[in-house]
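Numbering (the numbering used here), first residue to last: 446 to 857.
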Amino acid sequence: MDDINVLHRRCFLNLRRRIHDIGDGRPAQERYMRLQKDGDILSYQGNSEEVGCYVAGHPLSKGNCYFEVTIVDTGVRGTIAVGLVPKFYRLDHQPGWLPYSVAYHADNGKLYNGNPVGQQFGPKCARGDRIGCGIHSENTEAGLTTVFFTKNGREVGSVEVPVSVEGLFPAVGMHSMGEEVKVDLQAEWFLEEDDSMMMVDSHEDDWGRLYDIRLLEYVGKGKSIMDVGLAQARHPLTTRCHYYEVEIVDAGEKCYIALGLARRDYPRNRHPGWSRGSVAYHADDGKIFHGSGVGDAFGPRCFKGDIMGCGIMFPRNYILDGEGDMDDWNRLEAHPDHAHVQNVLYHNDEKEEEEDGEDQGQEDRKVMVFFTRNGKLMGRREIAVPPGGLYPTVGMLSNGEKVKVDLHPLSG
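Quick look at the structure:
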């Protein structure tokens with residue numbers, strides 16, 4: 446009996462020691478190879494043929510969920526990687542190359558997610574740029590978390606990754622002479638809420654409570670796809686209110702106007718249809734985009750004066766989340782749905798992911814979304830309904846674009 450008590454005590458002490466080591470804030474367990482560390486400055490000390498890597502002593506957590514790396518010098522090639530890795534990651538590999546690691550690489554703007562082959566993700570980074578990396582910790586209990594990256598304080602994109610028992614540790618990799626960065630493990634980042642690319646004629650904070658006809662006008666820069674302006678209704682379409690319309694008042698420079706439906710937590714500067722959990726009809730090319738940056742031929746292009754409509758053909762006896770026990774559709778609340786991959790700045794083909802991510806386990810939660818142009822049906826597309834429903838969503842991307850929105854048209 447005494448031996449058993451001793452064994453239990455040792456197990457308890459070991460567990461307490463592990464918890465203490467993780468939470469005491471000391472950098473004693475940080476590891477690095479082929480790098481020199483001077484305070485918060487890391488510089489490459491290899492021969493440009495071998496990778497140098499730094500791994501922080503403590504993982505990101507709910508209380509410390511973000512860090513930033515400032516590029517002091519890009520050196521010969523600028524092969525600097527910023528991301529998250531397991532505790533005992535190999536220091537002769539760039540973050541993101543090995544399983545259970547993910548990283549944003551400055552030299553090519555690619556995302557490496559447990560694979561030495563990257564995918565196009567964001568812009569390249571140069572001297573003076575700040576690369577940030579953080580986690581959304583709300584779903585770590587399921588063994589997954591959403592990792593997001595930023596450049597100079599603006600979100601680039603995100604990806605869902607598995608989390609090991611020890612957690613995900615901040616990591617920096619370098620691979621050429623002269624590379625040098627400054628690491629801030631205590632950095633904070635907040636989504637800016639005052640940089641909206643849309644202006645509502647009533648000066649409301651966002652597009653919501655539009656019970657009558659209102660105007661939306663694009664006021665962004667319109668220089669690149671990172672300047673997308675997004676407006677989303679506060680409530681999803683329902684069996685009671687299943688259709689809405691947008692009239693193009695001004696096509697602007699390029700008529701980059703998109704009308705469709707999207708999940709509630711859709712990225713603010715992604716056109717509807719580009720990312721998972723959305724579908725949209727784009728006015729400039731007449732294509733339909735369904736969870737992918739690559740569209741399919743669908744209908745005619747739309748111009749000034751055209752009226753584009755979008756609605757849902759709900760199956761008989763269909764009940765939206767929370768709809769069955771409510772008298773007023775405006776009291777519906779959304780339940781966030783975490784995307785597997787969201788690329789905020791650049792197009793990437795997410796169609797395969799859309800099919801894998803949305804359809805599994807939701808065979809009975811599909812609806813038929815339809816689009817109209819000047820009252821004529823253009824076509825339909827079946828889509829799985831994310832938790833919380835599908836919200837009317839409008840995107841614009843060129844100077845001078847203006848639309849008139851009617852969430853409650855008489856037709857449809």
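All C-beta atoms in this analysis are idealised placements derived from N, C-alpha and C, irrespective of residue type, glycine included.
| Query | Result |
| --- | --- |
| Buried versus exposed, by CB contacts within 10 Å (16 or more), Glu611 | exposed |
| Any 3 or more C-beta pairs closer than 8 Å across the stretch 533-540 and the stretch 610-630 | yes |
| For Tyr701, the first and last residue of its enclosing beta strand (DSSP E) | Per DSSP, Tyr701 belongs to no beta strand (DSSP E) and is neither H nor E. |
| Delimiting residues of the beta strand (DSSP E) encompassing Pro615 | Phe614 to Met619 |
| Enclosing beta strand (DSSP E) for Gly573 [first to last residue] | From DSSP, Gly573 is part of no beta strand (DSSP E); its letter is neither H nor E. |
| Bridge partner(s) assigned by DSSP for Ser488 | Gln481 and Glu625 |
| Neighbour-count burial assignment, Asp851, 16 or more Cβ in a 10 Å radius | buried |
| Whether Gly579 touches Asp552 by CB criterion (8 Å) | no |
| Own chain partners of Trp634 with C-beta closer than 8 Å, once the 5 adjacent residues on each side are dropped | Tyr511, Glu513, Gly577, Gly579, Thr595 and Gly598 |
| Beta strand (DSSP E) segment containing Ile693, residue limits | Tyr688 to Ala696 |
| Simplified DSSP state of Asp851, which is helix, strand or coil | strand |
| Candidates Gly736, Val739, Gly718 and Phe815: closest to Met758 by CA position | Phe815 |
| Which residues DSSP lists as bridging Pro504, in chain order | In the DSSP output, where bridge partners are listed per residue, Pro504 has none listed. |
| The beta strand (DSSP E) enclosing Arg679, as first and last residue numbers | Looking at the DSSP string, Arg679 is not in any beta strand (DSSP E), and its letter there is neither H nor E. |
| CB of Pro504 within 8 Å of CB of Tyr689, strictly | no |
| His780 classed as buried or exposed, judged by whether at least 16 other C-beta atoms fall within 10 angstroms | Legend: pLDDT at His780 = 31, less than 50; position of this residue unreliable, value from coordinates given subsequently. That one is exposed. |
| Stretch-stretch touch, CB-based, cutoff 8 Å, three pairs: the stretch 663-678 with the stretch 832-842 | yes |
| Residue from Leu661, Pro760, Ala703 and Val664 with nearest C-alpha to Phe748 | Ala703 |
| Identity of the residue in Val739, Glu624 and Glu475 nearest Thr515 by Cα | Glu624 |
| Strand pairing of Val547, partner residues [DSSP] | Leu529 and Asn558 |
| Counterpart residues of Leu835 in DSSP-defined beta bridges | None, per the DSSP bridge assignment. |
| Neighbourhood of His687 by C-beta distance below 6 Å, restricted to the same chain and skipping five residues each side | Gly756 and Ile757 |
| Beta-carbon proximity of His620 to Ser493, cut-off 8 Å | yes |
| Length of the line joining the Cα atoms of Asn819 and His727 | 15 Å |
| Whole-Å CB distance - Gly528 paired with Ser546, under 8 Å assumed | 6 Å |
| Beta-ladder partner(s) of Ala707, from DSSP | Ser723 and Tyr836 |
| Endpoints, the beta strand (DSSP E) within which Gly754 is located | Ile752 to Met758 |
| Distance, Ser843 Cα to Lys668 Cα | 8 Å |
| Residue from Arg659, Ile733 and Pro531 whose Cα sits closest to the Cα of Val848 | Arg659 |
| Sufficient close CB pairs (3 or more, under 8 Å) joining the stretch 717-726 to the stretch 691-701 | no |
| Residue burial classification, Glu859 (beta-carbon count within 10 angstroms, cutoff 16) | Since the displayed the chain opens at 446 and closes at 857, residue 859 lies outside it and no answer follows. |
| Lys926 burial status per 10 Å Cβ neighbour count (16 or more: buried) | What is shown of the chain runs 446 to 857, which leaves residue 926 out entirely. |
| Collapsed DSSP secondary structure at Asp552 in the structure displayed | coil |
| Buried/exposed call for Arg709, threshold 16 Cβ in 10 Å | buried |
| Through-space distance from Lys627 to Val517, alpha-carbon basis | 7 Å |
| Anticipated Cβ contact below 8 Å, Leu543 with Tyr549, distance rounded | With a Cβ gap of about 16 Å, Leu543 and Tyr549 do not count as contacting. |
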